[in-house]
Amino acid sequence: MMHSMVLPPRVSPTGLKAYLKANSWQLKERPLPRVEIWERDDHEVLVPLNVDASDYLRRVRNFIEDVASESESSEEDVTRDLQYVEDDVISLKFEDERPYIPLVDASKMLNGAREFAIANACSAIRRKSYHGRSRPAEARKHADIVGMGHTVRGSFIIPIVSPIGTMKPVVADGDQEPLLDVQAERDYFPRRVTGMMADVLRQLQELAVERDAIPSRGELRQAVFGGLSADACSALATMVSAPEVGDLDITVRWALTSAPPRAGGDDLTFPKESAGAIREIGHILRKDVKISDTVVYGFVSSLDRDPDDDEGVVKVKALIGGRVRPIKMALGPDDYHVAVEANDLKLRVVVAGTLYRSEAGRYSMPTVDLFRVDDYLPLEFGNGGTQGR
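Counting from 1, position 299 in the sequence shown corresponds to residue 299 in the UniProt record's numbering; the numbering is continuous, with no gaps.
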């Protein structure tokens, strides 16, 4: 029986099923009212489907007991795995042999984690080398949504938890034009921010840890187009340089209830001595690199290029001010190739550049600094399959 100290998490039926699917359980075809039967080898487990039922929590407890028994795991381990099954989690692990962390150090780490999340939420909305006090309301609200999970016994770990639940997939169905939905775009925002954090951490690993020298201004400009900012550098340096704390190890775990991004999420380590290089990069971004690009998310609605031309004209439909608007832009050969692929496969794109609105109300982007597939979203094809990207 389950130890009284271990309480089952308030995980949804979708989360329970995602956990089973990720661990090679199979859904049996024989239906039952209010439950599903899943099997692995010769074992069966029941998944309760009615979260409003008075005995739902008890049935989740039974679920944990059955899965633990079949997998020869402890019920505590299964409960821990289920805890964030519907969340994207970036875990910050600080190496420290002491049995406690001074409050002043813990405060710096927690504040650094919060500022890092806000900085990347800002970059998901607008690419800027330095955000400063110019923080969009949506980015500030994100700090209220993202939480800190329970620390793990034996280590000082800050899990940055971003609730995802079940994101509505982007459906690619034949010749049907993809739809842009205001609520769906809001639901995608937490995943985009977590993806941005993972990308920025990977960038800083390359620029500040793997390099022997500070990168050039040109390289840092390209990094800003990818989401890096002076604010993110400052926040990460604060965490890495916490007094008397060792290296910072970072792991990323994507919610099982939605397909993971195509790239990103590598385990990373930032040695304590890398804090100086991270701060220097942030200083350069704040003082010497001036970038402020609008970011739009949408899909390619039209393509136009003469056979002899290198550049092509593309229109991307995106939400601007809550309404779907076409944005006209000229792309070079590499970006145009990405646009063709995105159009063929009905993939969302993310574009960063200078957005211009004419007197007639038409939108264009005379300068495009970033054009790529929006890697962070789950993609569902017309036959109902979901592609992990």
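Just so it is clear, CB atoms sit at the ideal spot from N, CA and C, and this is done for glycine as well.
In the structure shown, Y363 falls within a strand segment according to DSSP collapsed to helix, strand and coil.
Non-local C-beta neighbours of R192 in its own chain, meaning closer than 7 angstroms and more than five positions away in sequence, comprise A124 and Y376, ordered along the chain. By the Cβ rule, the region 356 to 372 counts as touching the region 327 to 335, because three or more pairs are nearer than 8 angstroms. Assigned with DSSP and collapsed to three states, Y188 falls in helix. Rounded to the nearest angstrom, the gap between the Cα atoms of E138 and V85 is 25 angstroms. If you ignore the 5 residues before and after R279, its C-beta comes within less than 6 angstroms of the C-beta of A237, all in its own chain and listed in chain order. Each of I37, L32 and R127 was checked against the Cα of D293, and the nearest Cα belongs to R127. Spanning the alpha carbons of V11 and D308 requires a straight line of approximately 56 angstroms. K315 sits in a strand when the DSSP states are folded into three classes.
One Cα belongs to P48, the other to E76, and the distance between them is close to 20 angstroms.
Looking at D144, I145, M148 and I118, the one whose alpha-carbon comes closest to that of S134 is I118. No Cβ-Cβ contact shorter than 8 angstroms links V340 with A318. Annotated three-state conformation of R80 is helix, per DSSP. Each residue's CA atom was taken as its position, placing L204 and T79 some 33 angstroms apart.
N120 sits buried, since 16 or more C-beta atoms from the chains shown fall within 10 Å of its C-beta. DSSP places Y297 inside the beta strand (DSSP E), whose first and last residues are S292 to D304. With fewer than 16 other Cβ atoms inside 10 Å of its own Cβ, H43 counts as exposed.
In this structure, the straight-line span from the alpha carbon of V314 to that of A213 is close to 39 angstroms.
Unbroken beta strand (DSSP E) runs of no fewer than 3 residues, entirely contained in the region 104 to 132, are found at 126 to 128, following chain order. Collapsing the DSSP output to three states places R34 in coil. Look at T257 here: in three-state DSSP terms it is coil, with no helix or strand label. Taking the Cα of T251 as reference, the smallest distance to any Cα among V51, I160, L57 and I37 is reached at I160.
When DSSP states are grouped into helix, strand and coil, G147 belongs to the strand group.
Comparing C-alpha distances from E70 to each of L20, D55, R253 and M239 shows the shortest one belongs to L20. Where D309 is concerned, there is no enclosing beta strand (DSSP E), because DSSP gives it neither an H nor an E. In this chain, the beta strand (DSSP E) harbouring L46 covers H43 to P48.
Shown here for A113: same chain residues with a beta carbon closer than 8 angstroms to its own, the five before and five after excluded, namely L92, M148, I158, I160, A235 and M239 in chain order.
Within the model, the alpha-carbon separation for Q83 versus Y100 is close to 25 angstroms. Around the beta carbon of H337, fewer than 16 other beta carbons lie within 10 angstroms, which makes this residue exposed. The alpha-carbon of G132 is positioned some 34 angstroms away from that of A342.
Of the candidates P163, V146 and V349, the residue whose Cα lies closest to the Cα of A255 is P163. Going by C-alpha positions, S274 is about 30 angstroms away from F189.
DSSP, read as helix, strand or coil, puts L236 in helix. Between the alpha carbons of R211 and L110 lies a distance of about 28 angstroms. In summary, A352 is buried, with 16 or more beta-carbon neighbours lying within 10 Å of its beta-carbon over all protein chains present. Counting the other Cβ atoms within 10 Å of the Cβ of T257 gives 16 or more, which makes it buried.
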